[in-house]
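Please read the structure below before turning to the comments.
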Amino acid sequence: MARPKESERQDIKALVLRHSKALFLKQGFANVTMRDIAREIGYSPAAIYLYFDNKDQIYYELFNEGFQILYKRQLETAQQSFNDPIDELYSMGQAYIRFAMDFPEYYDLMFVMREPRKFLEHCLNENTGEPIGTDFSEMSYNLLRATIKKCIDQGYFKGFDVEIASFTTWAAVHGMATLILRGMLVAPEEMKPIIFNGAHECLQALIKTSKQTK
1 MARPKESERQ DIKALVLRHS KALFLKQGFA NVTMRDIARE IGYSPAAIYL
51 YFDNKDQIYY ELFNEGFQIL YKRQLETAQQ SFNDPIDELY SMGQAYIRFA
101 MDFPEYYDLM FVMREPRKFL EHCLNENTGE PIGTDFSEMS YNLLRATIKK
151 CIDQGYFKGF DVEIASFTTW AAVHGMATLI LRGMLVAPEE MKPIIFNGAH
201 ECLQALIKTS KQTK
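Residue 19 in the working numbering sits at position 19 of the sequence shown, and the numbers go up by one each step.
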């Protein structure tokens, strides 16, 4: 049997990833098998194994895909010109929430689902033997951390080191994004943009009040 061309391989991988994402979210990661995925797309299980070793590897690729999209949006923000780093951080928070709203399925896979994340903790780089993490998740966090560092250098986050300030800021924005996605902000549709902007402004104001007096 002739091997599929590279373009065909990429198309099939994309098909597997798309349907796997839907199954993971609908049935739960632990309840989905490779056979389920194969049945969903009309392939044999053996054919799926030509592209992925197991469903954990499928999840890993989806996880990294999501972070690649998020990182790109963060980078676009960071490359803009800001007079004050706190405005850069504010815009980065907006980009994060917009990502969650534009790609809720990726967001759930990346930050909400519990079972598959255990897999990432045990993945080892075949060359170094170290945990592999994901390139784009690390790049995404490092970009946030760099922005926080610039804010601290300008006197914001008084009394916090960069790691604590980074985690606290991420947790606050993540909480807001999750509330939005879970429909916990009960308000008429026309009022929601006002609520979102108000929440952003409150976070921004809280951070600004932490600025040291020079």
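Virtual Cβ for every residue (Gly too), placed ideally from N, Cα, C.
| Query | Result |
| --- | --- |
| Burial state of Y71 (16 or more Cβ within 10 Å) | buried |
| With 16 other Cβ atoms within 10 Å as the buried cut-off, status of G183 | exposed |
| Backbone secondary structure at R54 - three-state DSSP | Residue identity check: residue 54 is Asn in the sequence provided, not Arg. Three-state DSSP puts N54 in coil, outside helix and strand. |
| Alpha carbon of A30 to alpha carbon of D36, nearest angstrom | 12 Å |
| Inter-residue CB distance, L75 and L144 (contact presumed, cutoff 8 Å) | At roughly 11 Å, the Cβ-Cβ gap does not stay under 8 Å, so L75 and L144 are not in contact. |
| Whole-angstrom distance between A38 and P45, CA atom to CA atom | 5 Å |
| CB contact flag (S140, F67, <8 Å) | yes |
| Counted within 10 angstroms of its Cβ, other Cβ atoms place K55 as buried (16 or more) or exposed | buried |
| Whole-angstrom distance between K13 and S7, CA atom to CA atom | 10 Å |
| Residue nearest to M113 in terms of C-alpha spacing, selected from Y59, L50, M34, A177 | Y59 |
| Span of the alpha helix (DSSP H) around F99 | 85–102 |
| Delimiting residues of the alpha helix (DSSP H) encompassing K5 | Careful: K5 lies outside any alpha helix (DSSP H) and carries neither H nor E. |
| Status (buried if at least 16 other CB within 10 Å, exposed otherwise) for K5 | exposed |
| For I86, the nearest candidate out of Y49, L181, S166 (CA to CA) | S166 |
| Close-in-space but distant-in-sequence residues of the same chain around A177 (CB under 6 Å, 5 per side omitted) | I97, A100 |
| Exposed unless 16 or more other CB atoms sit within 10 angstroms - verdict on Y106 | buried |
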